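The structure under discussion appears below in the form of structure tokens.
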Amino acid sequence: MSKLGVQEQALMQRIKAGGFRPASQIPLEESRNGLTQMAIVMAGPKVEVGAVSDRKIQGPGGMLPIRIYRPQADVKGPLPVALYFHGGGFYLGNLETHDHVCRFLCRNAGVIVIAVDYRLAPEHKFPAAIEDCYAALCWTVENAAKEGFDANRIALVGDSAGGAIVVSVCLMARQKGGPKIAYQVSVYPALTVDDGEDFPSRRTLGSGDYFIAHDDFAFFRKLYLENPDKDAQNPLASPIRAKDYANLPPALVIAAEFDPCVDENARYAERLKADGVAAEYVCFKGTLHPFFLFDGVLDAGRQGQKLVADRLRERLGG
Numbered sequence: 208m209s210k211l212g213v214q215e216q217a218l219m220q221r222i223k224a225g226g227f228r229p230a231s232q233i234p235l236e237e238s239r240n241g242l243t244q245m246a247i248v249m250a251g252p253k254v255e256v257g258a259v260s261d262r263k264i265q266g267p268g269g270m271l272p273i274r275i276y277r278p279q280a281d282v283k284g285p286l287p288v289a290l291y292f293h294g295g296g297f298y299l300g301n302l303e304t305h306d307h308v309c310r311f312l313c314r315n316a317g318v319i320v321i322a323v324d325y326r327l328a329p330e331h332k333f334p335a336a337i338e339d340c341y342a343a344l345c346w347t348v349e350n351a352a353k354e355g356f357d358a359n360r361i362a363l364v365g366d367s368a369g370g371a372i373v374v375s376v377c378l379m380a381r382q383k384g385g386p387k388i389a390y391q392v393s394v395y396p397a398l399t400v401d402d403g404e405d406f407p408s409r410r411t412l413g414s415g416d417y418f419i420a421h422d423d424f425a426f427f428r429k430l431y432l433e434n435p436d437k438d439a440q441n442p443l444a445s446p447i448r449a450k451d452y453a454n455l456p457p458a459l460v461i462a463a464e465f466d467p468c469v470d471e472n473a474r475y476a477e478r479l480k481a482d483g484v485a486a487e488y489v490c491f492k493g494t495l496h497p498f499f500l501f502d503g504v505l506d507a508g509r510q511g512q513k514l515v516a517d518r519l520r521e522r523l524g525g
């Protein structure tokens with residue numbers, strides 16, 4: 208293992224100096240506001256895209272907010288689409304926390320990006336978030352002709368909890384017989400909400416020195432699951448527990464070397480390959496869990512975003 212990067216060390220010192228506390232000790236609204244503010248402060252510059260529009264579509268729990276980013280305002284012909292599912296432990300995050308990421312991917316991959324403001328725990332327990340994201344996928348396909356989407360070139364992209372939702376939606380689409388997903392990108396996905404004891408990095412990197420602590424996962428589980436003992440083994444909640452990944456879309460799995468989730472990320476990529484799925488695994492050395500979001504202070508963040516944009520362009524032909 209390499210050393211934690213200089214920028215990453217400075218980030219953790221900055222966070223701890225600001226009164227860093229375990230997730231379980233922070234009131235819900237304070238956590239939500241805190242992530243929104245942190246994402247704004249730590250983000251790189253917002254790039255311009257052709258057009259951005261906020262919409263509401265019909266979801267399983269009512270009207271579902273989405274944000275559509277188009278690379279050009281007046282483009283002709285259907286364009287590929289990347290649906291983006293934000294991270295935040297299933298209880299944090301929104302359209303604003305990841306706005307800069309979606310803009311970067313839209314502009315640099317040449318694809319339409321649809322960010323999904325899925326329902327959050329604890330107000331909305333599992334499987335609300337997954338059902339919302341699956342509904343957004345279905346809406347994208349059903350409205351392709353009207354909206355200028357290419358229904359044959361749809362990718363799912365997500366980070367952290369959103370990366371896990373990517374895998375869960377792929378599993379749900381396989382189970383339901385569609386819609387077709389051309390490509391999946393999971394950035395440091397939290398692939399199990401059980402104890403994760405079979406993944407050593409959950410403990411060896413879970414001291415709290417690397418942004419996420421081992422005990423945080425138990426807190427996320429309590430918020431997210433109605434029945435933790437029963438639901439934690441459900442493959443839609445813990446997609447690393449799925450029996451197989453046969454016939455899932457080609458995948459890019461991105462991990463961070465100093466992330467408690469790194470072992471399960473590597474395992475997912477290995478199992479995809481074993482099940483005959485084309486999978487690329489990239490572990491960013493010397494960095495930690497939120498790097499993809501904090502591209503304004505971590506060079507790895509912009510490098511990760513560029514990798515995803517490049518792969519989306521290659522795979523979808525944006």
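Residues 208 to 525 in our numbering are what the sequence shown lists, from first letter to last. A virtual CB, placed ideally from N, CA and C, is assigned to each residue, including glycine. Nothing here was measured: the structure is a model prediction, and the numbers come from that model.
Check, Outcome
"What is the residue span of the alpha helix (DSSP H) that D357 lies within?", "D357 -> not in any alpha helix (DSSP H); beta strand (DSSP E) instead, spanning F356 to D366."
"Might you give, ordered along the chain, the residues of its own chain that have their beta carbon closer than 7 Å to the beta carbon of F311, omitting 5 neighbours on each side?", "V254, Q512 and A516"
"Is it the case that the Cβ atoms of L495 and F426 are separated by a distance below 8 Å?", "no"
"Rounding to the nearest angstrom, what Cα-Cα distance links A352 and P285 in this structure?", "8 Å"
"Do V364 and C340 have their C-beta atoms closer together than 8 Å?", "no"
"Roughly how many angstroms lie between the CA atoms of A316 and R520, to the nearest whole one?", "5 Å"
"I need the straight-line Cα distance from C161 to N350, nearest angstrom please.", "Summary: the structure shown does not reach residue 161, with the chain confined to residues 208 through 525, and so no result is reported for it."
"Here's a check: name, in chain order, each residue in its chain whose Cβ is nearer than 6 Å to the Cβ of Q279, leaving out the five neighbours to either side.", "G257"
"What distance in whole Å lies between the Cβ atoms of R428 and V400, which are believed to be in contact at a cut-off of 8 Å?", "5 Å"
"Is there contact between the segment 319-337 and the segment 296-303, where contact requires at least three CB pairs shorter than 8 Å?", "yes"
"Taking the CB atoms as reference points, tell me whether M249 and F501 lie closer together than 8 Å.", "yes"
"If I measure Cβ to Cβ from Q440 and keep anything under 8 Å in the same chain, skipping five residues before and after, which residues do I get?", "D401 and R448"
"Give every residue of the same chain whose Cβ lies closer than 7 Å to the Cβ of W346, excluding the five residues on either side of it in the sequence, and list them in chain order.", "I264"
"For the candidate residues I275, S393 and M379, whose alpha-carbon lies nearest to that of G370?", "S393"
"Could you tell me the alpha carbon to alpha carbon distance between N301 and R326, rounded to whole angstroms?", "10 Å"
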